[in-house]
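Peer 1: Dumping the structure here so I can ask a few things about it.
Protein chains: 2
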Amino acid sequence: MAERIGRANTSLTPAERRVAEVVLERPQLVAFGTVAELAEASSSGAATVVRLAGKLGFDGFTGLQASVQHALAGQLRPAAERIREPAATDAIGRHLQLEVDNVTSTLRALAGDALAEVVARVADPRSRVFVLSGDASLGVAKQLVGELASLRDGVALIEGNDVAVRRTVALLQATDTLLAIDLRRYDRWLIEAARSARAGGVWCAVITDSLLSPLAALADRTFTVAAAGGGPFDSHVGTLALANVLVAGVAHSLRADAAERLDRAESAWQASGALTDR
Amino acid sequence: MAERIGRANTSLTPAERRVAEVVLERPQLVAFGTVAELAEASSSGAATVVRLAGKLGFDGFTGLQASVQHALAGQLRPAAERIREPAATDAIGRHLQLEVDNVTSTLRALAGDALAEVVARVADPRSRVFVLSGDASLGVAKQLVGELASLRDGVALIEGNDVAVRRTVALLQATDTLLAIDLRRYDRWLIEAARSARAGGVWCAVITDSLLSPLAALADRTFTVAAAGGGPFDSHVGTLALANVLVAGVAHSLRADAAERLDRAESAWQASGALTDR
DNA sequence: CTACAATTGGAACAGATATTCCATCCGCCG
DNA sequence: CGGCGGATGGAATATCTGTTCCAATTGTAG
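Chains as they are written, first to last, in my numbering: chain P, 11 to 288; chain U, 11 to 288.
Set out below in structure tokens:
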């Protein structure tokens, strides 16, 4: 089904695309429902639904429905019968378990009051926010910084060579907030940077892998994340999940201002046509 | 359903009992089939089927069918979604469910053969690997590029202004591999870049949010990710989980070479004392 | 701005389906 | 042995559903 829709992708009209979206997202509606219901759900006409089925190579809606029913029936067969799927699934399954566990452990361990305090500081427009990240988690740190910067001014990632980092750290003010992210096999430069920032009176929250981390020792608030990886590297899925919670909290806290900022960005994109829905 | 049949058990006639057995043993037949088919399967008449439905307290066969469909739909919803029963009220709990669902949906939808093909190409030292990412997912893209670059040479993120991007894309070779990452509200420049790369014969895999995405239309392989966010932004936790699977696959495929590379980096770190355990 | 093509959804139509009715059948009791 | 009541499935029917057609609309190229 997914394959058929993917193949027809380019030749679909707008209304047909709306129907296809519903087909992908709510297969039960196709399996159990009727043409009229599907049309209703996709804000289109019955004829459009039938036309889409035809374009996908089925013999009318009836054919499409039968196909979805087959797929669904296969899916709910007892797990014991489904085990004979390709061997690669096993590796995927291992990762699935691992990553779900990372997210679960990380967010379960997240204390509401600690979160609230960090959110409050990060959402406070009077203090600038700086993020420090170990090399291994640099990507997620950039993701975090990018999103925070969309919500407020004065958010920056501290990066670059040793000289640049030392300069930036030296120029921090006592009202600033520092967010340091680093996991086991800690980057020495980062610890030093955090320590000297702390010495300068900067309030400091830390995302790390253990309360025994050297970072935790010098932090005002510490979040621990689970980062078990299926490959040679740590997984930062849990870290990113935590970052998302933080971002959502800040967005909520700044809702009026943030919404206005996002709207401004949105208009700019719209005006220039930089973004597209299809 | 079983309960209703059990309660009516004594008052059922022989033919009705045959129908009831089929209802219990082959619920798909009830959910997807018709009165005639159910009658056929139980060697009885259509009228008997309808009478049974009435005796079970349903409003005709239609009511019985609707009930079975509901039960079936509940059974095939992802486990992550079923656990949602005690719907979380606190922000952290909501995020937990959301992110677990993102990871689960993304990795469940991951096809083993598609993954294997992409891993093979990304692990092939003869082809360079380029990554394109929409602005919203830039951080995770950098994370991916950083880890891939630790495993092999010739991995690069295509970024910068329009001029730089166009130049890089123009210089791609037919033996190169392109990995494009972009979700709904697609970046127009990215689609154009991918299209022109594709036109130049570059093999192209895509990570996006739907098979209906414009990117999917021009990809050789497409992965879809779930990205429901609790705040104003999409969550890229699922995307990162997928990236981790990809990286682990490549690492496994290159194990000898990759291990040697990682060892070299490790020695350099150790010699300089850049990393520390405490 | 106009003409043309594509798209779209409502309405008519044909087919299928659930329901109801009823003649037949079976088992049981007088 | 005969009559009776419940059970049963086939046939008629009314409803519903998928399909097709077409007029209105939208978008587009000249």
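All residues carry an ideal CB built from backbone N, CA and C; glycine is no exception.
Since we're looking at a predicted model, the values are computed, not measured.
Just by C-beta distance, which residues in the segment 188 to 213 of chain U are closer than 8 Å to chain P?
Peer 2: The residues in question are R194, R195, Y196, D197, R198, W199 and I201.
Peer 1: So L193(P) and T218(P) are supposed to be a Cβ contact under 8 Å. How far apart are they, rounded?
Peer 2: With 8 Å as the limit, L193(P) and T218(P) qualify as a contact, their Cβ atoms being about 6 Å apart.
Peer 1: Along the segment 241 to 256 of chain U, where does the CB come closer than 7 Å to a CB of chain P? Name the residues.
Peer 2: Going along the segment 241 to 256 of chain U in chain order, one finds G241, P242, F243, S245, H246, V247, L250, A251, N254 and V255 with a Cβ nearer than 7 Å to chain P.
Peer 1: If you run the structure through DSSP and keep just helix, strand and coil, what is F42(U)?
Peer 2: Helix at F42(U).
Peer 1: Using a Cβ-Cβ distance under 7 Å, would H105(P) count as near chain U?
Peer 2: Closer than 7 Å to some Cβ of chain U, the Cβ of H105(P) qualifies, so yes.
Peer 1: For V141(U), which residues from the same chain have a beta carbon less than 6 Å from its beta carbon, with the 5 sequence-adjacent residues on both sides left out?
Peer 2: Answer for V141(U): A151, V155, L167 and L189, listed in chain order.
Peer 1: Have a look at the DSSP bridge pairing and note the partners of F340(P).
Peer 2: Because chain P in this structure spans residues 11 to 288, residue 340(P) falls outside the shown range and cannot be described.
Peer 1: If you compare alpha carbons, which of W199(U), R195(U) and E157(U) is closest to E169(U)?
Peer 2: Taking only the C-alpha atoms, the option nearest E169(U) is W199(U).
Peer 1: Does N19(P) come within less than 7 Å of chain U when only Cβ atoms are used?
Peer 2: With 7 Å as the cut-off, N19(P) counts as an interface residue toward chain U.
Peer 1: So the candidates are R17(U), A204(U), V128(U) and L86(U); which of them puts its Cα closest to the Cα of S143(U)?
Peer 2: Looking at the Cα atoms, A204(U) is the closest of the given residues.
Peer 1: Using a Cβ cut-off of 9 Å, which residues of the segment 149 to 164 of chain U contact any Cβ in chain P, in chain order?
Peer 2: Within the segment 149 to 164 of chain U, the qualifying residues are G149, V150, A151, K152, Q153, L154, V155, G156, E157, S160 and L161.
Peer 1: Helix or strand or just coil, what does DSSP make of A166(P)?
Peer 2: In the structure shown, A166(P) sits in a strand (DSSP, three-state: E or B).
Peer 1: The beta strand (DSSP E) that contains S143(U), what's its start and end?
Peer 2: Run containing S143(U): V139 to S143, per the beta strand (DSSP E) assignment.
Peer 1: Under the DSSP definition of a beta bridge, which residues are partnered with I191(P)?
Peer 2: Note: I191(P) sits in a beta bridge opposite S143(P) and I217(P).
Peer 1: Is there a Cβ from chain U that is less than 7 Å from the Cβ of R92(P)?
Peer 2: Confidence at R92(P) is low in this model, with a pLDDT of 49, below 50, so its placement is unreliable and no value can be given for it.
Peer 1: Using 10 angstroms around the beta-carbon of E13(U), count the other beta-carbons present and answer buried if the total reaches 16, otherwise exposed.
Peer 2: Exposed, because fewer than 16 other Cβ atoms sit within 10 Å of the Cβ of E13(U).
Peer 1: Can you grab the Cα-Cα spacing for the pair P24(P) / A46(P), in whole Å?
Peer 2: Those two C-alpha atoms are separated by around 18 Å.
Peer 1: Once you ignore the five residues that flank P224(U) on each side, which residues in its own chain have a CB closer than 8 Å to its CB?
Peer 2: If we look at P224(U) and ignore the five residues flanking it on each side, its Cβ neighbours are Y196 and I201.
Peer 1: Using the Cα positions of A130(P) and R104(U), report the straight-line distance between them to the nearest angstrom.
Peer 2: Distance between the alpha carbons of A130(P) and R104(U) is about 20 Å.
Peer 1: Got a sec, what are the start and stop residues for the alpha helix (DSSP H) D69(U) sits in?
Peer 2: Neither: D69(U) is in no alpha helix (DSSP H) and is coded neither H nor E.
Peer 1: Pair every Cβ in the segment 226 to 245 of chain P with every Cβ in the segment 173 to 182 of chain P, then say whether three or more of these pairs are closer than 8 Å.
Peer 2: Not touching, per the Cβ criterion.
Peer 1: Smallest Cα separation from E109(U): which of A236(U), I15(U), S263(U) and D134(U)?
Peer 2: It is A236(U).
Peer 1: If contacts are defined as beta-carbon pairs under 8 Å, then A98(U) and Q85(U) qualify, I think. What distance do you get, rounded to the angstrom?
Peer 2: Actually they are not in contact, since the Cβ atoms of A98(U) and Q85(U) sit about 22 Å apart, beyond 8 Å.
Peer 1: So, with DSSP's three-state summary, where would you put D172(U)?
Peer 2: Here D172(U) sits in helix by DSSP.
Peer 1: In chain P, which residues lie less than 8 Å from F140(U) when you measure between Cβ atoms?
Peer 2: Per Cβ cutoff of 8 Å: no residues; F140(U) is ~16 Å from chain P at best.
Peer 1: Can you confirm whether L34(U), when its beta carbon is compared against all beta carbons of chain P, has any partner nearer than 7 Å?
Peer 2: With 7 Å as the cut-off, L34(U) does not count as an interface residue toward chain P.
Peer 1: Could you give the distance in angstroms between the alpha-carbon of A76(U) and the alpha-carbon of G70(U)?
Peer 2: Each residue's alpha carbon lies about 10 Å from the other.
Peer 1: Quick check on the burial criterion: 16 or more other C-beta atoms within 10 angstroms. Buried or exposed for R28(P)?
Peer 2: Classification of R28(P): buried, given that the 10 Å Cβ count is 16 or more.
Peer 1: Can you look up T185(P) in the DSSP assignment and give me helix, strand or coil?
Peer 2: Looking at T185(P) - three-state DSSP - the assignment turns out to be coil, as it is neither helix nor strand.
Peer 1: Just to confirm, does P24(U) get its C-beta within under 6 Å of one of the non-hydrogen atoms of the ligand NAP?
Peer 2: The ligand NAP is absent from the structure shown, which contains no ligands of any kind.
Peer 1: What residues in the segment 22 to 54 of chain P have a beta carbon less than 8 Å from any beta carbon of chain U?
Peer 2: Result list: L22, R27, A30, E31, L34, Q38, A41 and F42.
Peer 1: Contact defined as beta carbons within less than 8 Å: I believe R265(P) pairs with S160(P). What is the distance between those atoms, to the nearest angstrom?
Peer 2: Not really, about 14 Å apart at Cβ, beyond 8 Å.
Peer 1: So with Cβ pairs under 7 Å, would you call R176(P) a contact of chain U?
Peer 2: Not closer than 7 Å to any Cβ of chain U, the Cβ of R176(P) fails to qualify, so no.
Peer 1: If we define contact as Cβ-Cβ less than 7 Å, is T218(U) a contact residue for chain P?
Peer 2: T218(U) does not count as touching chain P.
Peer 1: Quick check on the burial criterion: 16 or more other C-beta atoms within 10 angstroms. Buried or exposed for D244(U)?
Peer 2: Answer is buried; the Cβ neighbour count reaches 16.
Peer 1: For A209(P), which option in V216(P), D123(P), A184(P) and I191(P) has the closest C-alpha, if you only look at C-alpha atoms?
Peer 2: Ranking V216(P), D123(P), A184(P) and I191(P) by Cα distance to A209(P) puts A184(P) first.
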